[in-house]
Amino acid sequence: MIKKVEMLISQRRIIALDTVELTLKNKYISQTARPGQFLHILVEGHSLRRPLSIASINKVAETITVLFKINGPGTKKLSEYKNGMYLDVLGPNGNGFQIEEHDNTILLIGGGIGVPPMYFLGKHLVEQGKKVISILGFQSAGHVFYEDEFEALGRTIIVTNDGSYGEKGFVTDALRLVEDFECYYTCGPLPMLKAVTAKLNDCSGYISLEERMGCGVGACFACVIPTNDHFGYKKICKDGPVFHSKEVSL
Amino acid sequence: MIKKVEMLISQRRIIALDTVELTLKNKYISQTARPGQFLHILVEGHSLRRPLSIASINKVAETITVLFKINGPGTKKLSEYKNGMYLDVLGPNGNGFQIEEHDNTILLIGGGIGVPPMYFLGKHLVEQGKKVISILGFQSAGHVFYEDEFEALGRTIIVTNDGSYGEKGFVTDALRLVEDFECYYTCGPLPMLKAVTAKLNDCSGYISLEERMGCGVGACFACVIPTNDHFGYKKICKDGPVFHSKEVSL
Amino acid sequence: MTDLRIELPGLQLKNPIMPASGCFGFGREYSNFYDLSKLGAIITKAATGTKRYGNNTPRVAETSSGMLNAIGLQNPGVEKIIASEVPFLSNFDTSIIANIAGSSIEEYVAVAAAFNEAPQVAALELNISCPNVKEGGIQFGTDPLMAAEVTAMVKRVSDLPVYVKLSPNVSNIVEMAKAVEKAGADGLSMINTLTGMQINLKSRKPLLANKTGGLSGQAIKPVAIRMIHDVSQHVSIPIIGMGGVTSAEDVLEFLLAGASAVAVGTANFQNPFVCSELIDELPSILDKYGFSSVSDVIGKGVIV
Amino acid sequence: MTDLRIELPGLQLKNPIMPASGCFGFGREYSNFYDLSKLGAIITKAATGTKRYGNNTPRVAETSSGMLNAIGLQNPGVEKIIASEVPFLSNFDTSIIANIAGSSIEEYVAVAAAFNEAPQVAALELNISCPNVKEGGIQFGTDPLMAAEVTAMVKRVSDLPVYVKLSPNVSNIVEMAKAVEKAGADGLSMINTLTGMQINLKSRKPLLANKTGGLSGQAIKPVAIRMIHDVSQHVSIPIIGMGGVTSAEDVLEFLLAGASAVAVGTANFQNPFVCSELIDELPSILDKYGFSSVSDVIGKGVIV
Ligand SMILES: Cc1cc2nc3c(=O)[nH]c(=O)nc-3n(C[C@H](O)[C@H](O)[C@H](O)COP(=O)(O)OP(=O)(O)OC[C@H]3O[C@@H](n4cnc5c(N)ncnc54)[C@H](O)[C@@H]3O)c2cc1C
Ligand SMILES: Cc1cc2nc3c(=O)[nH]c(=O)nc-3n(C[C@H](O)[C@H](O)[C@H](O)COP(=O)(O)OP(=O)(O)OC[C@H]3O[C@@H](n4cnc5c(N)ncnc54)[C@H](O)[C@@H]3O)c2cc1C
Ligand SMILES: Cc1cc2nc3c(=O)[nH]c(=O)nc-3n(C[C@H](O)[C@H](O)[C@H](O)COP(=O)(O)O)c2cc1C
Ligand SMILES: Cc1cc2nc3c(=O)[nH]c(=O)nc-3n(C[C@H](O)[C@H](O)[C@H](O)COP(=O)(O)O)c2cc1C
Ligand code: FES
Ligand code: FES
């Protein structure tokens, strides 16, 4: 259930170019959040909350980590929050990734700021004894983050658009380097999701979507996406942000 | 000349009920400000600046003190600023008190949040070798501030509306307790200024006025007051906030 | 004890606070946050004759102290609303006000008639001012003759009191208000959103897929207060006020301006508890400013 | 080097940034902050036929992301302005646009004619939209026939290009724009303030002595962008855009919406250097979004 909570900022780190990691303390969310869910964060001076995926939780320390890119005035302002300050947060929002019991080898594909939810998911899958392969795409070497963290989970392929680190190109170019996975999970910019789902059309997969949000809880109809059955729709904030790759029409 | 400066908050104290003192560091303003002038302070999240009188300056320490009452959302927000933070300030604004060379004994009458500019003026007058008597009016005992500071300048009469400290009543009730002053200076709420100027109609005096401001520098015509000559007007922010008691029509 | 009750045509409200149409869905999501029985009333999301998908996304944009929306009246259609949403809401001890919309007078009339079959619904809010749909909506909201006509037609078929929701995008709001009062409106609801736009600097195109959207939130409060103040002096039917309400002080300001009750829209998105908190805070704010009841306040700020 | 120049009827601007009427007086105060020669132009405070005192105080109130003002056209009268203010401003290497107002067509005409005797003035801005004066002003701004008439009469007596300043408080801004274009306007200036009100909870009365005031500042930017976008598609005369401009991004947004130059009002009160800073920042913002000149941007966001 979504609650409105105050979260203490216990750590703030710049982890890559324009990319900030915040570690937040809150018991309720740290105990209940599932991979794929997000926080809806109030930023001072801004009328709409900002949705940010949960990048990991620590049930013992009762912390939640989010990672975000400075993208506009709201994330800029959020990047200026300091340790010891509190955030007004709704969470955990949305439905997480559905995990199929029978799948054993899983491919994670994250692009840019779509990488964070992949990490929470990857950790969770490894805890469940599954094998994880990750393809992570970034703009350039300076934007790369969490490489070591993903390496600790399994084989990790880094791709940069400009080739300044790892493979050059897009995440889809790296698909040829992996084989034998039973299901894929992906999050990233829309063009990437379109390319990935097209290329992996024959595989079972789940995608995590972004859309501009009003309420973030399912009440305002701001964030709908048409489903593939005629005239249907889903709310990304409530029914998603994770959908089966065949469920919605990108 | 008015400049736009950044001022470091070097000290913040609650000095009475809902009353905050801020000590601000800035070389230019500390060296140039005269009694009666004000600062025009930008408060985060607020579209209009807040005018606050200068309550004292310290040329050596290069500091300026302002005192304010938490009155609405802007001053509430300002009261939450912490040591080490910076304020965006225009100053020094307006014309200060005119000091007549020949006057030797001067009566200061401050009401509530009109007290601060009286203190800067009193200090200045004493430095010039003049004798100062002060009547300071407050709502109640809890609202009294700067009593010792004024005592150090000369005889000081505290009046509270409810009689919980000092004399009971209004500052005008205390006028009978003083005699033999050559000029008076006053600042406080409009009803007080009206009562004071009416009662001291035969004396030479200067009053400091308040009005809602836009620009604070004389450009927008928000803060005009009619003068006593037919159809004339003055801008409180630029021509004032100090006027001769006979100059403007309250 | 401060008396928060207020009586309006068809509505006995325990307090003057209700969520505004479109900002609270049909209550389900917010019922997880607090007991909806606390609310004076609930205004539901617009109902149209048949199901609508609405506009493409993006449908919302942030603005200074406000937001733009162009949802486009997405809703499952009036029958489905009566079948699935109204019964859910009637679990709560609060009044249901059903917002209705349409592209034609016939559609408005059909939707209004349908709500006669939903005894749990206490009143209709006639949305003649939705700026985010291609047809209908806005014309009804800017032309006094059309506004009067749709009001009269809906009144003819409906058993319920009808609150007509006015658009602020007009030269003369008083003229609009008088026209619908004369046509039989039992009350007014104002204001809907101001038409606005934001341009995405990267794409160089309007950010919203619908290009324009409705501006709501604190930014528009001064416009709402002005219009309510003006209209309340020229009509004798009550006004449900809205437009930027965020704090209990805002509620008081709307009541002083001449509103008899207050709806809260955009503020729910920032704080899902806002309506509940306003109801808790209202007594002490009324008390602070010297009022002992809500009815005592209404229109006290109006200078005739 | 990014080319900031822009040419408009009667105006060769070195950049598209100018202070808006009423928010910069006649430049004296701001000339202490920076060299006014830097500005593309300066729009002066409204001039009327004879000296006006304006409204009682309070004349301004703060709102969320904006402010209300009801100055009431205080000014020393056109003759005094020509004698004392225009000569001061002509010390600077910038274009002077004189804002003119009146209570009657005769007054507008007299003021416009007077400015023919001030060769330093490059253009007139015809304020038909001041909401803060009892007579004239707003009627001219909401009735297309009256707007056209005052425009035509002023054009008849004036040797200068005339930019008509439109009010946003209308149902149909395009109709207003077309009417004044047809009547001979050389350009448009938009938007003026939205009519608003704030009620003082303690006194229970409207806070402004004039009761209503004009809402300006960032709060109204989406309304300005929408109206400029709409109007620019229906007229062929250029638009000076305004309403909430605060950042260089805002300037770009206005240009994309269809404005050819941009005026800055309320933001001067927060930051007296704002116009100067916008001029400094504009080249890098244009560059960031892929433009090499101001003229390159204009109307690029308009979807026809
Ligand atoms: C479910 C979900 C999870 C997300 N997780 C992350 C994450 O883990 N890390 C991260 O960096 N970003 C994430 N995003 C994107 C992030 O929400 C936006 O980058 C952020 O809201 C931009 O705010 P801004 O003030 O910087 O930009 P502005 O452009 O100033 O924002 C203006 C408005 O648009 C909205 N907006 C702008 N871009 C986006 C976007 N891409 N998606 C949704 N709303 C947007 C803002 O929320 C705000 O309401 C997520 C988005 C969604 C929907
Ligand atoms: C020249 C001058 C000197 C002043 N010196 C002091 C001082 O030393 N200490 C102090 O506590 N107060 C002083 N004031 C009053 C102080 O400016 C107001 O109390 C303050 O602006 C209120 O802001 P707010 O956000 O708390 O109230 P709000 O009511 O939320 O303010 C809303 C708007 O109204 C304006 N406003 C409200 N009350 C006043 C007022 N009394 N005078 C002018 N503008 C007002 C605000 O500046 C703001 O623009 C002075 C005012 C002036 C004009
Ligand atoms: C996302 C959103 C959806 C809305 N949908 C409707 C609607 O369906 N019917 C309607 O009459 N008004 C609708 N409105 C307008 C609100 O009910 C309200 O009149 C307006 O937002 C002003 O109030 P606020 O500033 O408190 O939001 C909507 C507003 C928003 C923000
Ligand atoms: C204090 C004040 C005074 C104004 N006076 C005038 C005026 O005399 N003539 C005029 O045409 N517009 C006047 N305006 C309107 C502005 O020129 C401008 O159109 C409006 O404020 C919107 O721009 P902004 O949001 O940047 O302030 C005034 C605005 C303010 C805030
Ligand atoms: S953001 Fe409101 S329904 Fe998804
Ligand atoms: S506040 Fe603008 S002239 Fe005084």
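Chains as they are written, first to last, in the numbering used here: chain A, 790 to 1039; chain B, 790 to 1039; chain C, 240 to 543; chain D, 240 to 543.
Note that the Cβ used here is the ideal one computed from N, Cα and C, for glycine as well.
None of these values were measured; they are calculated from a predicted model.
Rounded to a whole number of angstroms, what is the C-alpha to C-alpha distance between residue i and residue j?
i	j	result
cysteine 972 (chain A)	serine 1034 (chain A)	11 angstroms
isoleucine 476 (chain C)	glutamine 509 (chain D)	42 angstroms
isoleucine 798 (chain A)	lysine 814 (chain A)	6 angstroms
leucine 856 (chain B)	leucine 811 (chain B)	6 angstroms
phenylalanine 934 (chain A)	glycine 883 (chain A)	25 angstroms
aspartate 332 (chain D)	lysine 277 (chain D)	8 angstroms
threonine 949 (chain B)	glycine 926 (chain B)	6 angstroms
Using a 10 Å radius around the Cβ and a threshold of 16 neighbouring Cβ atoms, would you call residue i buried or exposed?
i	result
isoleucine 804 (chain A)	exposed
lysine 301 (chain C)	In the sequence under discussion, the amino acid at residue 301 (chain C) is glutamate, which differs from the lysine named in the question. It is buried - the Cβ of glutamate 301 (chain C) has at least 16 other Cβ atoms within 10 Å.
phenylalanine 959 (chain B)	buried
arginine 839 (chain B)	buried
leucine 914 (chain A)	buried
valine 849 (chain B)	exposed
proline 326 (chain C)	exposed
Could you check which residue in the options has the C-alpha nearest to that of residue i?
i	options	result
glutamine 826 (chain B)	B:Ser845, B:Glu810, B:Ile1014	B:Ser845
phenylalanine 379 (chain C)	C:Asn294, C:Ala357, C:Ala340	C:Ala340
glycine 453 (chain D)	C:Arg443, C:Met466, C:Gly480	C:Met466
glycine 504 (chain C)	C:Arg443, C:Thr283, C:Ser368	C:Thr283
glutamine 887 (chain A)	A:Ile947, A:Ile902, A:Glu956, A:Gly994	A:Gly994
phenylalanine 1010 (chain B)	D:Pro297, D:Val513, D:Met392	D:Pro297
methionine 392 (chain C)	C:Thr432, C:Ala362, C:Ala349	C:Ala349
lysine 417 (chain D)	D:Ser471, D:Phe265, D:Ile336	D:Ser471
valine 881 (chain B)	B:Val904, B:Glu851, B:Lys792	Valine is not the amino acid found at residue 881 (chain B); the sequence shown has proline there. That would be B:Lys792, whose Cα lies nearest to the Cα of proline 881 (chain B).
valine 401 (chain C)	C:Ser442, C:Ile478, C:Glu346	C:Ile478
valine 878 (chain B)	B:Ala930, B:Ile1014, B:Ile843, B:Pro1015	B:Ile843
Compute every distance between the C-beta of residue i and the non-hydrogen atoms of ligand 3, then say whether any falls below 6 angstroms.
i	result
asparagine 510 (chain C)	no
asparagine 271 (chain C)	no
alanine 458 (chain D)	no
alanine 280 (chain D)	no
alanine 259 (chain C)	yes
alanine 285 (chain C)	yes
methionine 481 (chain C)	yes
threonine 381 (chain D)	no
At a cut-off of 6 angstroms, is residue i close to ligand 5 when judged by its beta-carbon and the heavy atoms of the ligand?
i	result
alanine 822 (chain A)	no
cysteine 262 (chain C)	no
cysteine 1009 (chain A)	yes
glycine 1003 (chain A)	yes
lysine 1024 (chain A)	yes
Closer than 6 angstroms to a non-hydrogen atom of ligand 6 - does that hold for the CB of residue i?
i	result
cysteine 1012 (chain B)	yes
Tell me whether residue i counts as near ligand 4, meaning its Cβ is closer than 6 angstroms to at least one heavy atom of that ligand.
i	result
threonine 852 (chain A)	no
serine 486 (chain C)	no
asparagine 1017 (chain A)	no
serine 455 (chain D)	yes
- Message: Please output, in chain order, the residues near ligand 8 using a CB cut-off of less than 5 angstroms to any non-hydrogen atom of the ligand.
- Response: As for ligand 8, it is missing from this structure, which binds only ligand 1, ligand 2, ligand 3, ligand 4, ligand 5 and ligand 6.
- Message: Going residue by residue through the stretch 435–485 of chain D, where are the continuous beta strand (DSSP E) segments of at least 3 residues, counting only ones entirely within it?
- Response: Secondary structure within the stretch 435–485 of chain D: the beta strand (DSSP E) runs of 3 or more consecutive residues, fully enclosed, are 451–455, 478–481 (chain order).
- For the stretch 293–339 of chain C, list the beta strand (DSSP E) runs that are entirely contained and at least 3 residues long, ordered along the chain. Contiguous beta strand (DSSP E) elements confined to the stretch 293–339 of chain C occur at 299–302, 305–308, 334–339, taking only those with 3 or more residues.
- Message: Which runs of the alpha helix (DSSP H) at least 4 residues long sit entirely within the stretch 480–533 of chain C? Give them in chain order.
- Response: Those alpha helix (DSSP H) runs which fall completely within the stretch 480–533 of chain C and span 4+ residues are 487–496, 506–509, 513–527.
- Message: Please give me, in chain order, every unbroken run of the beta strand (DSSP E) with length at least 3 that falls completely inside the stretch 935–992 of chain A.
- Response: Runs found: 945–949, 972–976.
- Contained alpha helix (DSSP H) runs [length at least 4] in the stretch 856–916 of chain A, N- to C-terminal order: If we require 4 residues or more, the alpha helix (DSSP H) runs fully inside the stretch 856–916 of chain A come out as 862–868, 904–916.
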